[in-house]
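Peer 1: Chains as they are written, first to last, in the working numbering: chain A, 139 to 243; chain U, 2 to 166. Questions regarding the structure given below will be posed in turn.
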Amino acid sequence: MKPDIFQAIADPTRRAILTLIAIQALTPNAMAEKFDMTRQAVSKHIKVLQECDLIKPEPSGREIYYHFNAKKMQEFDHWLAQFRESWKTQFNQLDKVLSTLKQQK
Amino acid sequence: MKNDLLFDFNVDKAAKTVYITREFDAGIDLVWNAFTKAEILDQWAAPAPMRSKTKYMDFTVGGKRFYAMISPDGVEKWVFQKYTSITPKTNFKLYNSFADKDENPEPVGSEWDYNFSEEDGITKVYITIYNESLERMQSIMEGFRIGFTMMLKNLDELFAASKQN
C-alpha cells in the first residue's frame with residue numbers, strides 16, 4: 139500500500155531530511171553523510187518520501203538530486219484547513235440543535 | 002447565552018493526531034445524547050450542504066454505526082464506526098473507516114476518542130483523532146466533486162433547454 143503523507147512525516151529522520159532539502163537539493167550520498175546513516179537506510183526514507191510526492195528526483199550528470207516538493211505540503215495544509223472547517227460547520231449546526239432541544243424540555 | 006464558546010483545533014503531524022476541543026451551551030446529558038443518538042446525530046453530523054443519514058446504529062461496546070454523508074446531488078459516501086469503549090456521559094471511543102454501500106470497510110481507518118465534561122452548564126467535548134488520512138479524505142472529496150460537477154452539468158442542460166423554449 140502507498141504510504142500516507144501523515145506516516146511519511148511522522149518519522150523524525152524523514153522530517154529532518156525534508157527540512158534539509160527544503161533549503162538545498164541533495165544526493166542520497168550527501169544525506170547519508172549528513173545524518174550519519176547507511177545508504178540503505180537513506181534509500182528507504184527516500185522511497186517513502188518520493189511515493190508521497192514530498193520529494194522529487196532530478197538527475198544531474200551521474201548523480202540524482204532530491205528536491206522538496208512544496209506543493210504537496212501545501213496540499214496537506216489545505217486538507218487540514220478543510221478538515222477544521224468541516225468540524226467548525228458541524229459544531230455550529232450542533233449549537234442550533236442543542237438550543238432547539240433545550241427549548242423542548 | 003454564552004457567545005465565546007471555545008473551539009480549538011490542533012494537529013500534531015509527528016504523532017499523526019488531530020486534537021479538537023469545543024464547548025457547548027448545554028448540559029452534559031443533552032450533549033452526550035447529541036453525540037450518541039442517531040436521530041440527533043443525523044441533524045448535525047455532516048457539514049452542510051452535506052447531510053448525514055444513519056442506516057443503523059447500535060451504541061454499545063462492539064456495536065456499529067453505519068451511515069452515509071450525502072451531497073445535495075445525492076452522492077453517498079458511507080462510513081463505518083465501531084464503538085470500542087463506552088463510559089456513559091464521560092467518554093467513548095470508536096474506530097472510523099470509510100466503506101462502500103455494501104458495508105465493506107476500507108482496510109485502514111482512524112481511532113476517535115471523545116471526552117465530555119460539564120462546568121457551570123457548559124459542556125466541553127474533547128476529541129482526539131489518531132491516524133486520519135489525507136488520501137482517504139481526498140478520495141471522499143473527489144467523490145463529492147464528481148457528483149457536484151454532474152449536478153452543474155445537469156443545470157447547464159436545464160438552462161440550455163429553457164433557453165430554447
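C-beta: ideal position from N, C-alpha, C; glycine also. Just so you know, these numbers come straight off a predicted model, no measurement behind them.
Taking the alpha carbon of Asp103 (chain U) as the point to measure from, which residue in U:Lys56, U:Phe60 and U:Gly63 has its own alpha carbon closest?
Peer 2: Comparing Cα positions, the closest option is U:Lys56.
Peer 1: Name the DSSP bridge partner or partners of Arg23 (chain U)?
Peer 2: The partner list for Arg23 (chain U) (beta bridge, DSSP) reads U:Phe8 and U:Val126.
Peer 1: Can you find a C-beta in chain A that's less than 8 angstroms from the C-beta of Leu31 (chain U)?
Peer 2: True, the Cβ-Cβ gap to chain A drops below 8 angstroms.
Peer 1: Checking contacts by CB at 8 angstroms: is Leu232 (chain A) closer than that to chain U?
Peer 2: Yes - at least one Cβ of chain U is within 8 angstroms of the one on Leu232 (chain A).
Peer 1: Arg23 (chain U): buried (16+ other C-beta within 10 angstroms of its C-beta) or exposed?
Peer 2: By the neighbour-count rule (16 or more Cβ atoms within 10 Å), Arg23 (chain U) is buried.
Peer 1: In the DSSP assignment, find the alpha helix (DSSP H) that holds Leu218 (chain A) and state where it starts and stops.
Peer 2: Looking at the DSSP string, the run of the alpha helix (DSSP H) that includes Leu218 (chain A) is Ala208 to Gln242.
Peer 1: Label Asn105 (chain U) either buried or exposed according to how many other C-beta atoms from any shown protein chain fall within 10 Å of its C-beta, with 16 as the threshold for buried.
Peer 2: Classification for Asn105 (chain U): exposed.
Peer 1: Flag Ala35 (chain U) as yes if its beta-carbon sits less than 8 angstroms from any beta-carbon of chain A, otherwise no.
Peer 2: So yes, Ala35 (chain U) belongs to the interface.
Peer 1: So what does DSSP say about Glu120 (chain U), is it helix, strand or coil?
Peer 2: Three-state result, Glu120 (chain U): strand.
Peer 1: Under the DSSP definition of a beta bridge, which residues are partnered with Phe81 (chain U)?
Peer 2: Note: Phe81 (chain U) sits in a beta bridge opposite U:Phe67 and U:Ser98.
Peer 1: Using a Cβ-Cβ distance cut-off of 8 angstroms, determine whether Ala208 (chain A) contacts chain U.
Peer 2: It does not; no Cβ of chain U falls within 8 angstroms.
Peer 1: For Phe93 (chain U), name the three-state secondary structure that DSSP assigns.
Peer 2: Strand.
Peer 1: Could you check which residue in U:Asp43, U:Phe60 and U:Ala15 has the C-alpha nearest to that of Lys90 (chain U)?
Peer 2: Out of U:Asp43, U:Phe60 and U:Ala15, U:Phe60 has the C-alpha closest to the C-alpha of Lys90 (chain U).
Peer 1: How is the alpha helix (DSSP H) around Ser198 (chain A) delimited, first residue to last?
Peer 2: Note, Ser198 (chain A): premise wrong, no alpha helix (DSSP H); beta strand (DSSP E) at Ile193 to Ser198.
Peer 1: Taking the DSSP output, what are the residues bridged to Pro106 (chain U)?
Peer 2: In DSSP, Pro106 (chain U) forms a bridge with U:Ala100.
Peer 1: Residues of chain U with CB closer than 7 angstroms to the CB of Val235 (chain A), please, in chain order.
Peer 2: Those within 7 angstroms of Val235 (chain A) in chain U are Ala35, Ile41, Gln44 and Trp45.
Peer 1: Using the Cα positions of Asp177 (chain U) and Tyr127 (chain U), report the straight-line distance between them to the nearest angstrom.
Peer 2: The structure shown does not extend to residue 177 (chain U), since chain U is modelled only from 2 to 166, so the question has no answer here.
Peer 1: What does Ile123 (chain U) reach in chain A if we use C-beta pairs closer than 8 angstroms?
Peer 2: The contacting residues do not exist; Ile123 (chain U) stays about 11 angstroms from chain A at best.
Peer 1: Please classify Lys17 (chain U) as buried or exposed, where buried requires at least 16 neighbouring CB atoms within 10 angstroms.
Peer 2: Burial call: buried.
Peer 1: What residue range is occupied by the uninterrupted alpha helix (DSSP H) comprising Ser181 (chain A)?
Peer 2: Segment Arg177 to Glu189, the alpha helix (DSSP H) holding Ser181 (chain A).
Peer 1: State yes or no: is the C-beta of His202 (chain A) within less than 8 angstroms of the C-beta of Thr151 (chain A)?
Peer 2: Going by the sequence as given, residue 202 (chain A) is Ile instead of His. No.
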